[in-house]
Every structure is written in C-alpha cells, then in structure tokens.
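Q: This is the structure I want to talk about, given as structure tokens.
2 protein chains.
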Amino acid sequence: MTSKVIKPVKGTRDFYPADQAWQNWLYLKSKVISESFGYQEYEGPILEPYSLYLAKSAEEIIKKQSFIIPTKDKMDQANLVLRPELTPTLARMVAAKEYSLVFPLRWWSWGRFFRYESPQKGRGREFYQWNLDLLGQDCPNADAEIITIGIRFLASLGFTPDEVVIKINDRKYLDSKFNLINISQDKKLSVFRVIDKKAKLSKSDFRTMLRKEGLSKLQIRDLELAIKDNDYSQESPWLTELFSSLTDLGVADWVDFDPAIVRGFDYYTDTVFEAQPRNKQGRSLFGGGRYQNLISDVGGTREIGGV
Amino acid sequence: MTSKVIKPVKGTRDFYPADQAWQNWLYLKSKVISESFGYQEYEGPILEPYSLYLAKSAEEIIKKQSFIIPTKDKMDQANLVLRPELTPTLARMVAAKEYSLVFPLRWWSWGRFFRYESPQKGRGREFYQWNLDLLGQDCPNADAEIITIGIRFLASLGFTPDEVVIKINDRKYLDSKFNLINISQDKKLSVFRVIDKKAKLSKSDFRTMLRKEGLSKLQIRDLELAIKDNDYSQESPWLTELFSSLTDLGVADWVDFDPAIVRGFDYYTDTVFEAQPRNKQGRSLFGGGRYQNLISDVGGTREIGGV
C-alpha cells in the first residue's frame, strides 16, 4: 500500500521524540562548553533583509542558495531571506548597540539555518548550527580561544586528534603571496573563491578556473606553489603567535597549517580555519575565521573585529 | 546622529543575551510542566508544503497571512510556507507512523512560527509558541488534561484565576444549535469564522457579516440568543463531563463555559478553549481544541483524534 500521507519538504527533517532528545543532547553539549568559557547565549531572527547579506557574506550562497520571500508589504524595504548563516545578524546586533555593549564580547548561539541547495548526506536545506564569536579582541589569542573551544566541543563528542584535524590559514598571508605573484587586489576575492573550491576540482579544472579569472600560466604555477608552501614562519608573525598560543592551550595535536584553506565567506580578513575528518570522508565539521570590517560593513561606526 | 545600521525585518526580534535568558526560562518552564505530565518533546520543520495547510488549518491565515516561498526546484511539488502553526505538522508526522506509534500519545514542542500580518503589541511576524497534544484518547478527560496543563503553566508564571479565565465551548454543541436554527452544514465553517471575530466587531457589523453568509433576520436573532445561553447541561453530556473532570482536577476557578468561543482553526470538531485576561486587556494567552479528523485529512488511514 502506498502511503498518501502528505510528505515533508525535501531537505527538511521531522524530529520525533527520539530525534529531538538527540538534538537536545547536542544543544546542551554546546551550551555547557560555550558557557564554561564565559560565552553568553543570544539568538537572532530567522527572517533577515536580503540587503544584510548583499554587502558581504558569500555571494554564491546568497545569490544561488537562499530562500527568498518576495516582499508583500511596504514596511519591508527589501526582500526577505531565511538566514543562511548567523554572522551578519551578529554584526547587525552588535553595531546597533556598539556604544553600550562591553568588549571583549563573547556570544554563542544554537539555531536553525536554511540553504536552498540540493539536499545531500549530512546537510539538509534546513539545519542546525552552533555559533561562537569573540569580538573586540584583535589578537591571535582570540582566534586560538575560539579554535580551542571548537576542539573541546569535538572532544566532548568523543572525537580524537587522530580522527579530526583543524586546518588553519591566514588570508593576509595569502595576500602577501598574491602581491609577490602580482595578483591584483580586485581579483583577490574571486581567486579566494576558486581556491576554496580546489579540493572538489581536478588539477586542470582548477587551472581553467584561475585562467578565467585572468591569471597567466606563470601566475598559476606560482600560486600552486604558494598554496603548497607550509613554512609561514618568516612571513606571518600572526600565524606564528597563533600556533604558539594553540600549543600553550594544549591542542597542538589537533591543528595544522594549510595555505590552501580560505573558507567561503567574503568577510574573513585574517585567520581562517576548518575542522576536517583526517580520512577526508565527509564534510567539514566546523569552520570560521576573523572578520575585521563586518561591523562597519553593516553600518557600525566603531572598528570592532571579531572571530 | 542617525544610525545607519542595517535594520532587522519588521515584526522580528533580536534576542540579546538578557532576552535570550528570558526565552530560555520560558522554554524550561514549559518543558518542566510538559514532562511532569509525561509529554515527550518533538519538533517539525519550519518549511512545510502549502498543500499541508490548504486542506484544513485556517483559511484566512494561510491565504492572507503566510510567508510563501515560490518553488524553484522540481523536487518541491508545492510552494513552501513558513509554518504559521504546528498542528498540521504533528498530524502529518503521526499519520506517517500511525501503525508504529503507541497511543495515547503525549507530545509537546516549543518552536518558532510565522505570520505575515501587521506586527502588533504582543505578537510579531516571527514568534515562539508552546504546543501540547494528546492523541488517541477520545474523551472529555483528555481535553481536561490539556486544559489543566495550560493552567498549571500559567500558575507557574505567577498568574491567578482572578487574572485569567479559560473559556470553554463545544463546537458540536453549537452545531446542535445551528440545526435548531436551520443553519445548513455547508455554512457552518464560515459562520464559525464570523462568531470567532465577534469580540472585535460592533453588534451591527456582526449582523451584517452574518447576513452576508445568507442568514435571515430571524436566524441571526436566534443565533445571538444561542451564543449567550450559558446552560449546556441538557444538551451537551460532553461539556458536562469535561467541567466535572476539570473540577476533579482542582481548576474549576479558572474555567468558564462560553458558547461564543469557536477558535480560528477549521479542524476543530468538538471542545474549543481559550485563555483570556479577565480584564479583557491584551490578547488570548493560549487556545486549542479537539480535532477528530485531522490525521485522516493529511493522509492517515486510522481514525485518531487529538486535542
């Protein structure tokens, strides 16, 4: 007998009580870890104006993968979007109270997010995500704190450094390489986007995409060498301090420098990181990075960086 | 200085840490009460197919107040809607596992809902709502249990029976009045909708709307008398048993019979109730009712009623 029960939307999940118990367990894990490091819980709306993401965020996600609700009310100045991520909301909330909030500010959140892409194993169109941000402390120690909390969360779920690696890079370090190879600043973001896709591309497709961005054969060869070069010590005091801090925090076994990590969001300016399974099976477990300009990009007047 | 910070969408709320702490407190109150009565937590998707609400639910809410996302993928057979309420999702989930779930089934949920109406005090376009349902036990005792848990929740927030009243009615009782007045079955739902709006209408507007539904002057006079008549004892054994049960449960002070209560959802078949401030200031605090046909309306084959 074929069931005629109305089906849920593709890429969404029903949480029967056993599933909900698992969700609650995961939420409580993230709550305990976040709050033990002094982070405060917050939450934003699920509906945000399209304009919030246009300035920064990730062009591909917003233009191709967002759920857009056409405005039907003159109160709404822009189309509405189901939030694909939380950082722009955080930036908007912090900018709105930039003179009354106390910095450094440690906030965390556990919420639902939406991407209108093809549903695939491990990621639906509607999914839960943990967010953790430290704002107003612009030094590698802050980045190390966030990365360490992420590692403590993985450890609390039973993962070991044999199973997961957190790959770390510095976009400023890549910038300095771009300068040496004469890749101009206006091409930077689009070249970042190509590098971000590298793991999913064949070598020749990767080169073709770089050529489309206007890079010469010589520049491509130099870029390929640059994103393999794992000695940052002479060129990035930031990374040197970050890795030293991570060693002090006792998580050196979990972290690796990887000059090919850039992450998909346009607002990252410095450190970027991504937790990956060591066996390369499955998606990344978490990721993030430092954003120095996002608060002013959404209208703030103070210079407040975050990670 | 005018702030140029990007504004949130009208009718949505930012939950700064102090607001989120209050949300968590409210969530935990509802969790403790629900689970002390043996209810299990569940959750559904925020995105649902438009078709789920079309069959039943509330015509006005779905057609005029829902956030609709046009389909852009052939995987989605109907337009997507941000859920305005949870009962149709619950019905869909129960119908999908109608032969493996154990009845009576006690489920509760705390989640976010969406209505694209003009934001007003006490209700945004995006809001949180507690849901509590008891399925597979078709007697007034089940209705009394749900109403009592709602009252315990209000009491745990510090409300007293001097401040809040739960008004209770039975749609079947109204049906029997309709029969006496010769209001035909096909007009039933639309007359219910007019009665549901009565509190917000002047006497003459109320009459005008009933006349538009095709009722004669005589029928309108009889209907007005019927929804004032507060003696159900000869005509509704269901209400008699329900009020007796509520007295046994020690909440008689909180409840009143009100033949003008019908609630806005089309799927209610029997008991309907609504918690209102005694001073008539502000919106209703919660509401609900018994739905005997919703599981089969979404495609189930077993006859499972719920409240």
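Residue numbers (the numbering used here), protein chains in the order written: chain U, 152 to 458; chain Y, 152 to 458.
Positions of the beta carbon are idealized from the N, C-alpha and C atoms, including for glycine.
1) So, helix, strand or coil for U/Thr391, using DSSP?
2) Quick check on the burial criterion: 16 or more other C-beta atoms within 10 angstroms. Buried or exposed for Y/Met226?
3) Report the three-state DSSP secondary structure of Y/Asp407 (helix, strand or coil).
4) Where does the unbroken alpha helix (DSSP H) through Y/Ser447 begin, and where does it stop?
5) With H, G and I counted as helix, E and B as strand and the rest as coil, what does DSSP make of U/Gln288?
6) Taking the alpha-carbon of U/Phe394 as reference, which of U/Ser260, U/Pro291 and U/Gly275 has the nearest alpha-carbon?
7) With three or more beta-carbon pairs closer than 8 angstroms as the criterion, would you say the stretch 199-217 of chain Y touches the stretch 442-454 of chain Y?
8) Measure how close the beta-carbons of U/Leu286 and U/Pro255 come, nearest whole angstrom, since I'm counting them as under 8 angstroms.
9) Pull up the distance between the alpha-carbon of Y/Asp409 and that of Y/Asn282, whole angstroms please.
10) Any C-beta of chain Y sitting closer than 8 angstroms to the C-beta of U/Leu231?
11) Which chain U residues sit within Cβ distance under 8 angstroms of Y/Lys223?
12) If you follow the beta strand (DSSP E) that U/Asn320 is part of, which residue opens it and which one closes it?
13) Taking Y/Glu186 as the query, report the chain U residues whose CB atoms sit under 8 angstroms from its CB, ordered along the chain.
14) My understanding is that U/Val449 touches U/Asp284, with C-beta atoms under 8 angstroms, so please give their C-beta distance in whole angstroms.
15) For Y/Val423, which of helix, strand or coil comes out of DSSP?
16) Can at least three beta-carbon pairs, one atom from the stretch 156-173 of chain Y and one from the stretch 244-252 of chain U, be found at a separation below 8 angstroms?
17) Please confirm whether U/Ser217 has its beta-carbon closer than 8 angstroms to some beta-carbon of chain Y.
18) Can you find the residues in the same chain that come closer than 8 angstroms, C-beta to C-beta, to U/Met152, ignoring five residues on each side of it along the sequence?
19) Less than 8 angstroms between CB atoms is the rule here; does U/Val287 satisfy it with respect to chain Y?
20) Can a CB atom of chain Y be found closer than 8 angstroms to the CB of U/Trp258?
21) Runs of 3 residues minimum, wholly inside the stretch 244-269 of chain U: which ones carry the beta strand (DSSP E) assignment?
22) In the DSSP assignment, what are the bridge partners of U/Val232?
23) Should U/Pro388 be labelled buried (16 or more other beta-carbon atoms within 10 Å of its own) or exposed?
24) Is Y/Leu231 near Y/Ile213, with beta carbons less than 8 angstroms apart?
25) Rounding to the nearest angstrom, what Cα-Cα distance links U/Pro168 and Y/Glu194 in this structure?
26) Pick from Y/Gln271, Y/Glu236 and Y/Ser187: whose alpha carbon is nearest that of Y/Gly433?
27) Can you tell me where the alpha helix (DSSP H) holding U/Phe437 begins and where it ends?
28) Where do the N-terminal and C-terminal ends of the alpha helix (DSSP H) with U/Gln370 fall, by residue?
29) Might you give, ordered along the chain, the residues of its own chain that have their beta carbon closer than 7 angstroms to the beta carbon of Y/Leu340, omitting 5 neighbours on each side?
30) Quick one: is U/Ile220 near chain Y, going by C-beta distance under 8 angstroms?
31) Which residues in chain Y sit within 7 angstroms of U/Val156, going by Cβ to Cβ distance?
32) Would you say Y/Leu361 and Y/Leu374 are within 8 angstroms of each other, going by their C-beta atoms?
33) Let me know if U/Tyr250 comes out buried or exposed under the rule of 16 or more other beta-carbons within 10 Å of its beta-carbon.
34) Measuring only between beta-carbons, confirm whether Y/Val253 sits less than 8 angstroms from chain U.
35) In the DSSP assignment, find the unbroken alpha helix (DSSP H) run with Y/Leu361 in it and report its ends.
36) Does any residue of chain Y have a CB that is nearer than 8 angstroms to the CB of U/Thr311?
A: Short version:
1) The residue labelled residue 391 of chain U in the question sits at position 240 within the first sequence. Here U/Thr391 sits in helix by DSSP.
2) Here residue 226 of chain Y refers to the residue found at position 75 when the second sequence is read from its first residue. Classification of Y/Met226: exposed, given that the 10 Å Cβ count is below 16.
3) Taking the first residue of the second sequence as 1, we reach residue 407 of chain Y at position 256. Residue state for Y/Asp407 is assigned as strand, using DSSP reduced to three classes.
4) Here the question's residue 447 of chain Y lines up with position 296 in the second sequence. If you look at Y/Ser447, you'll find it in the alpha helix (DSSP H) that goes Leu445 to Asp448.
5) For the purposes of this step, residue 288 of chain U is taken as the residue at position 137 of the first sequence. Three-state result, U/Gln288: coil.
6) Numbered from 1 along the first sequence, position 243 holds the residue referred to as residue 394 of chain U. Of U/Ser260, U/Pro291 and U/Gly275, the residue nearest in Cα terms is U/Pro291.
7) Touching, per the Cβ criterion.
8) Taking the first residue of the first sequence as 1, we reach residue 286 of chain U at position 135. Taking the first residue of the first sequence as 1, we reach residue 255 of chain U at position 104. Confirmed, about 7 angstroms.
9) The sequence position of residue 409 of chain Y within the second sequence is 258, counting from 1. The sequence position of residue 282 of chain Y within the second sequence is 131, counting from 1. Taking the straight line joining both Cα atoms gives about 23 angstroms.
10) As a working mapping, residue 231 of chain U is identified with position 80 in the first sequence. In terms of beta-carbon proximity, U/Leu231 lines the interface with chain Y, with at least one pair separated by less than 8 angstroms.
11) The residue given as residue 223 of chain Y occupies position 72 in the second sequence. Under the 8 angstroms cutoff, chain U gives Tyr267.
12) The count along the first sequence starts at 1 and reaches residue 320 of chain U at position 169. Element bounds for U/Asn320: Val315 to Asp321.
13) Walking along the second sequence from the start, residue 186 of chain Y turns up at place 35. Contact of Y/Glu186 with chain U by beta-carbon distance below 8 angstroms is absent, the smallest such distance being about 11 angstroms.
14) Locating residue 449 of chain U in the first sequence gives position 298, counting from the first residue. Locating residue 284 of chain U in the first sequence gives position 133, counting from the first residue. Not confirmed; about 14 angstroms, so no contact.
15) Numbered from its first residue, the second sequence carries residue 423 of chain Y at position 272. Strand.
16) They touch, by the three-pair rule.
17) Walking along the first sequence from the start, residue 217 of chain U turns up at place 66. The Cβ of U/Ser217 sits no closer than 8 angstroms to any Cβ of chain Y.
18) Here the question's residue 152 of chain U lines up with position 1 in the first sequence. The predicted position of U/Met152 is uncertain, since its pLDDT is 44 and thus under 50; no value can be drawn from it.
19) Here residue 287 of chain U refers to the residue found at position 136 of the first sequence. First, the residue type needs correcting, since residue 287 of chain U is Gly and not Val in the sequence shown. By this cut-off, U/Gly287 is not an interface position.
20) The residue labelled residue 258 of chain U in the question sits at position 107 within the first sequence. With respect to chain Y, the C-beta atom of U/Trp258 has a partner C-beta closer than 8 angstroms.
21) DSSP assignment within the stretch 244-269 of chain U yields the following whole beta strand (DSSP E) runs of 3 residues or more, N-terminal first: 256-265.
22) Position 81 of the first sequence, counted from the first residue, corresponds to residue 232 of chain U. For U/Val232, the pairing in a beta bridge is given by DSSP as U/Glu199 and U/Ile219.
23) Taking the first sequence and counting its residues from 1, the one referred to as residue 388 of chain U is at position 237. So U/Pro388 ends up on the exposed side.
24) The residue labelled residue 231 of chain Y in the question sits at position 80 within the second sequence. The residue labelled residue 213 of chain Y in the question sits at position 62 within the second sequence. At the C-beta level, Y/Leu231 and Y/Ile213 stay beyond 8 angstroms of one another.
25) Here residue 168 of chain U is taken as the residue at index 17 of the first sequence, counted from 1. Here residue 194 of chain Y is taken as the residue at index 43 of the second sequence, counted from 1. Between the alpha carbons of U/Pro168 and Y/Glu194 lies a gap of roughly 8 angstroms.
26) What you label residue 433 of chain Y is simply residue 282 of the second sequence in a count that begins at 1. Shortest Cα-Cα distance from Y/Gly433 to any of Y/Gln271, Y/Glu236 and Y/Ser187 involves Y/Gln271.
27) Residue 437 of chain U sits at position 286 when you count from the first residue of the first sequence. Run containing U/Phe437: none in the alpha helix (DSSP H); it sits in the beta strand (DSSP E), Phe437 to Gly440.
28) Taking the first residue of the first sequence as 1, we reach residue 370 of chain U at position 219. Per DSSP, U/Gln370 belongs to the alpha helix (DSSP H) from Lys368 to Ala377.
29) As a first step, residue 340 of chain Y is located in the second sequence; it is residue number 189 there, counting from the start. These residues qualify, in order along the chain: Asp417.
30) Locating residue 220 of chain U in the first sequence gives position 69, counting from the first residue. Yes, contact with chain Y.
31) Start at 1 with the first residue of the first sequence, and residue 156 of chain U comes out as number 5. Ordered by position in chain Y, the residues that pass the 7 angstroms Cβ test against U/Val156 are Arg243, Ala246, Ala247, Val449, Gly450 and Gly451.
32) The residue you call residue 361 of chain Y lines up with position 210 of the second sequence. The residue you call residue 374 of chain Y lines up with position 223 of the second sequence. Going by C-beta atoms, Y/Leu361 is nearer than 8 angstroms to Y/Leu374.
33) For this step, residue 250 of chain U is matched to residue 99 along the first sequence. Exposed, by the Cβ-count rule.
34) On the second sequence, position 102 is the one that residue 253 of chain Y refers to. With its beta carbon at least 8 angstroms from every one in chain U, Y/Val253 lies outside the interface.
35) Numbered from 1 along the second sequence, position 210 holds the residue referred to as residue 361 of chain Y. Taken as a continuous stretch (DSSP letters only), the alpha helix (DSSP H) holding Y/Leu361 covers Lys354 to Lys363.
36) Position 160 of the first sequence, counting from 1, holds the residue named residue 311 of chain U. Taking Cβ atoms only, chain Y never reaches closer than 8 angstroms to U/Thr311, which makes this a no.
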